[in-house]
Structures are given as structure tokens and as C-alpha cells.
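All remarks here apply to the structure that follows.
2 protein chains.
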Amino acid sequence: MRTLLIVSHPDIIDSYSHPFFLNSLKNFEDVTVHHLENMYSDGIIDVKKEQDLLKGHDRIIFQFPFYWYSSPPFLKHWQDVVLEEGVTHGPRGGILDGKEFGLILMIGVAESEYQAGGNEQYSISELTKPFQALANKTRMHYLPPLEIFQFAYLEDNQKMELLIRYWQKLTMENSKSLVTREKWLYDKLEFSINNNQHLNDRETIEFAMNILEENQTTINNLKIVLDQMYHR
Amino acid sequence: MRTLLIVSHPDIIDSYSHPFFLNSLKNFEDVTVHHLENMYSDGIIDVKKEQDLLKGHDRIIFQFPFYWYSSPPFLKHWQDVVLEEGVTHGPRGGILDGKEFGLILMIGVAESEYQAGGNEQYSISELTKPFQALANKTRMHYLPPLEIFQFAYLEDNQKMELLIRYWQKLTMENSKSLVTREKWLYDKLEFSINNNQHLNDRETIEFAMNILEENQTTINNLKIVLDQMYHR
């Protein structure tokens, strides 16, 4: 699975959270990081190139700061010019048909405010309806978004947990089953061990991989037992 | 009541509907038409000037084509730079506190598609949640929007009816009571008679005004009778 991460930020140099996440993706061969404002500093979008990029990926993710409950201006411009009836979508389908689509939102206000009675009054699910409608129109499968609230206030371990959820949102199959998560982790560790020079790290990673494999064997054995009981 | 009509359109020269409505406003002294892309063709918004404009009006209306379920890029940019915590809004209120806020949307798809089961899946009320949240955050009163679907396909009399609803959205008190609508019409006719040179038109308008006044007298008399019955 190849993922196109479309990043939009009117002023990313002043951002603390976006670089934290983006810098972690350097070794992710199956993720194309595509920062719109960087790519098109003159404001003129190469529509054909963008449509080809969409074509070459299976999962499309928009990552942006959630100012005034919507996308940055340039990402809206991208939508207006790149999403073209008859090419990307249409009654007979288009480039985007059947792909996955998701949002990664950086949000400056606390999560608890996004509900009836909170300061923001509406939930993120309500406020992102335009993007759900976009997925509906282009026949993409809308993924649960990754919502990152008040990143700068988090503890280091919370940031690391978010980073893993970030990687999963970009590269893991859209399933929360234990098997999916273990398989994803095993692949990541395997990649790590092949790219790591430090002996101590290699030993730690190998140890983790062995545990995962043992877990998997135990679970498979339990499944066989359950299956036998069921059919007895 | 003074109304600020903030118009945004990425390419208004190609629009048929927007000029139709905007050209009708030439004699509306209480409506300030403010076309963002025209005003700031270099893309640089005068924030202080915009905030002063907001301050000087009681009703703020955004008029734009509803592409991809949201505002044009430049109107989003306007929101991001003009709406400034501590000035336009904030915990202790701001310029916008208590004003009215509404949307006038030009929509290319039929109304029936904007519902569960329709092609667009969601209602306009659902899709405009970000603007309702904006009104909530800035403590403005959110008006029912004026939604203009597939304007180019309408008959002439339907267009004229829409034009009246358009004028009402901009200048009429937010109430659908008969008294409000009659008062609004009477004022408009009075303005018309003072600015019209054609004798025949003047006579028609005077006739209409007399009927309205008679209606009003009849209704007032009925109210007195009802009141007397209630207190007997």
C-alpha cells in the first residue's frame, strides 16, 4: 500500500507539531510526503502532476492545522483545481474510486471543547462533514481521522504514543484487530533491524520480534482449540 | 441596520448568478458590497481596515459559490487573518459580539441531492457546520442561510422571487412575521416612489402602499377585538 500525505500549512516554519511528525517519515518508503505550499511557492498548481500523484497511491491523507474548522486556503485551492469531474471522479468513477481518504488534524483547542456545551459546540465529526462529503463524491473510503489536540502541551511519552498512531494512520491496514497491529509492528521492527547499525538496538529489536512471534503462535494455538470445541 | 456583504469568488467574471444579484444592489444605501478578490487583487489583506468594516456593520453576510462544500480559498484566508482573538472575538467578547451572521450560497447541484440517500449525502445544515461554529466562537447570531440551487436553470419569475428573498436576507429584520414582511415591503416601496420618475409606476406603487396600509389597519383592528375577547 502506497500513501500520499498531502500536507498544507500557511506558515509551517512557525509550526512545532508538523515538523515533529514529518521528520519521522524519512525512512518510510511507502509514504510520499507532499507539502503543497513548498511545492508550489508561486501558487500555481500543476494539475496533471497532482492527478498522476493521486493515481499512483492507494491512501490519500490531508494533514493540516484545523484553523476556523477547515483546511488552509491553499489546500482548498488544490481541491478546487485538482479534483476535476470526469478525471478524479464522476458518475462513471474516476482516479479516486475505491481509494482510502483520511485527515490528520492539528488542533489548538482541548478535545473536551468539541461537543455540545463545550466552547466549540460541535464535534470534529460534525465539523469535518465537508471532507466526508468529498470522500462520498469521489467514492473514496473515509478513514477515522487522527486528531492531535494541543500537541505542545503533551508529555514526551504521550508524544511518542501519538507518533506511533501517526505512523499507523499512514501505513497500517485500516483495522484495529490485534493481528493487524502485531503484523504492522513486526514489519516495522523488521525494517528497523535491517537499517540499524547499533548492536544493542539490534538485540532489543530481535527480542521484541521473538516475543511477537511467540504471541502469535500462542494465539494461533488458542484459535485451533476454540475451533475444535466449536465443531465438537 | 447596516449590512456588510462579503463576496468571494475565485473567478467572478465567469459567474452568471453573482452579477445578477450584485447589480441589483446599487440603490441599497444600507448594504456595503465588499468583493474580496476585487479589493485585494495582490492577495494582501488590510486587516485593520477589515476589522473596522466589521465594526461599522450590524449584519455580516458571506456570499460565495459552494465548491467542495466550503468557501473559496481567499475567504478562508480572510477568516484566518482578520478574525483575531482579542479583537474580533475572545473570552471577554470582541467587535463581532451580538452581530448577525449569515451565508448566501450559490450551489450548482439540485437541492434534493443534499440529504441522506442523495448524491451529496449530507444537508446544507450539516455541511455548513464550520460557519455555525465560527458564529458560535465569535458570539454572532447565525441566520438561516439563503441557498440558491442551480440558478441558471430557473424561470424568470423564480429568479425575481429569489431576488426579493435576497434583498430580504440583506436588509429585513430576522423575522418571518407578516408585520415584519409588510413593513419591509412598505419601506422598499416608499424608497422606490421617492426615486422613480415614471408617473405610471408611481401610481402603481402608491396603490400597493394603500393596500398594505389598509391590510395593516384591518389586522390591528382584529387584534383589538381578540384582545377584548381574551380579557372579558
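First to last, the sequence lines map onto chains W and P. Be aware that the first sequence starts at 1, since it is given in the working numbering, and climbs by one per residue. Be aware that the second sequence starts at 1001, since it is given in the working numbering, and climbs by one per residue. All C-beta atoms, glycine included, are put in the ideal place defined by N, C-alpha and C.
Helix or strand or just coil, what does DSSP make of residue i?
{"i": "Ile193(W)", "result": "helix"}
{"i": "His141(W)", "result": "strand"}
{"i": "Glu1113(P)", "result": "helix"}
{"i": "Leu1236(P)", "result": "Since the first residue shown for chain P is 1001 and the last is 1232, residue 1236(P) is missing from the structure and cannot be characterised."}
{"i": "His198(W)", "result": "coil"}
{"i": "Glu1085(P)", "result": "strand"}
{"i": "Thr128(W)", "result": "coil"}
I need the boundaries of the beta strand (DSSP E) containing residue i, first residue and last residue.
{"i": "Glu147(W)", "result": "Leu146 to Phe149"}
{"i": "Gln1063(P)", "result": "Arg1059 to Pro1065"}
Using a Cβ-Cβ distance cut-off of 8 Å, determine whether residue i contacts chain P.
{"i": "Gln115(W)", "result": "no"}
{"i": "Leu22(W)", "result": "no"}
{"i": "Phe62(W)", "result": "no"}
{"i": "Lys99(W)", "result": "no"}
{"i": "Tyr142(W)", "result": "no"}
{"i": "Tyr67(W)", "result": "yes"}
Please compile the residues from chain W whose C-beta is within a distance smaller than 8 Å of the C-beta of residue i.
{"i": "Glu1120(P)", "result": "Ala133, Asn136 and Lys137"}
{"i": "Pro1073(P)", "result": "Pro73, Phe74, Lys76, His77 and Asp80"}
Contact criterion: CB-CB distance below 8 Å. Does residue i meet it with respect to chain W?
{"i": "Asp1080(P)", "result": "yes"}
{"i": "Leu1083(P)", "result": "yes"}
{"i": "Tyr1153(P)", "result": "no"}
{"i": "Ser1041(P)", "result": "no"}
Considering just the uninterrupted stretch of the alpha helix (DSSP H) at residue i, what are its terminal residues?
{"i": "Phe101(W)", "result": "Run containing Phe101(W): none in the alpha helix (DSSP H); it sits in the beta strand (DSSP E), Glu100 to Ile107."}
{"i": "Gln121(W)", "result": "Gln121(W) -> no alpha helix (DSSP H), and no H or E assigned at all."}
{"i": "Leu1036(P)", "result": "Leu1036 to Met1039"}
{"i": "Phe20(W)", "result": "Ser17 to Leu22"}
{"i": "Met160(W)", "result": "Asp156 to Thr171"}
{"i": "Glu50(W)", "result": "Val47 to Lys55"}
Under 7 Å Cβ to Cβ from residue i, same chain only, skipping five residues before and after it: list those, please.
{"i": "Gln193(W)", "result": "In the sequence on display, residue 193(W) carries Ile and not Gln. Arg202, Ile205 and Glu206, listed in sequence order."}
{"i": "Glu1155(P)", "result": "none"}
{"i": "Leu1096(P)", "result": "Leu1054, Thr1088, His1089, Thr1138, Arg1139 and Met1140"}
Using a Cβ cut-off of 9 Å, pull out every chain W residue sitting near residue i, in sequence order please.
{"i": "Phe1149(P)", "result": "Within 9 Å Cβ-Cβ: nothing; Phe1149(P) doesn't reach chain W, min ~16 Å."}
Grab me the residues of residue i's own chain with a C-beta within less than 8 Å of its C-beta, minus the 5 sequence neighbours each way, in chain order.
{"i": "Ser24(W)", "result": "Leu163, Tyr166 and Trp167"}
{"i": "Leu1189(P)", "result": "Ile1205, Ala1208, Met1209 and Leu1212"}
{"i": "Glu1113(P)", "result": "Asn1119 and Glu1120"}
{"i": "Val109(W)", "result": "Asn119, Glu120, Phe149 and Gln150"}
{"i": "Val33(W)", "result": "Leu5, Val7, Leu22 and Leu25"}
{"i": "Trp78(W)", "result": "Ile6, Ser8, Leu36, Ile45 and Glu50"}
How would you list, in chain order, the residues of chain P whose beta-carbon sits under 9 Å from the beta-carbon of residue i?
{"i": "Leu103(W)", "result": "The premise fails here: Leu103(W) is roughly 13 Å from chain P at the closest Cβ pair, so nothing lies under 9 Å."}
List, in order along the chain, the chain P residues whose C-beta lies closer than 7 Å to that of residue i?
{"i": "His18(W)", "result": "Chain P residues near His18(W): none, gap ~16 Å exceeds 7 Å."}
{"i": "Leu127(W)", "result": "Lys1129, Pro1130 and Ala1133"}
{"i": "Pro145(W)", "result": "Within 7 Å Cβ-Cβ: nothing; Pro145(W) doesn't reach chain P, min ~15 Å."}
Which bits of chain W does residue i rub up against, with CB to CB less than 7 Å?
{"i": "Ser1070(P)", "result": "Ser70, Lys76 and Pro130"}
Near residue i, which residues of its chain fall below 6 Å by C-beta distance, leaving aside the five closest residues on each side in sequence?
{"i": "Ser17(W)", "result": "Met106 and Phe151"}
{"i": "Val1047(P)", "result": "Val1081 and Val1082"}
{"i": "Pro10(W)", "result": "Pro72"}
{"i": "Glu1037(P)", "result": "Phe1074"}
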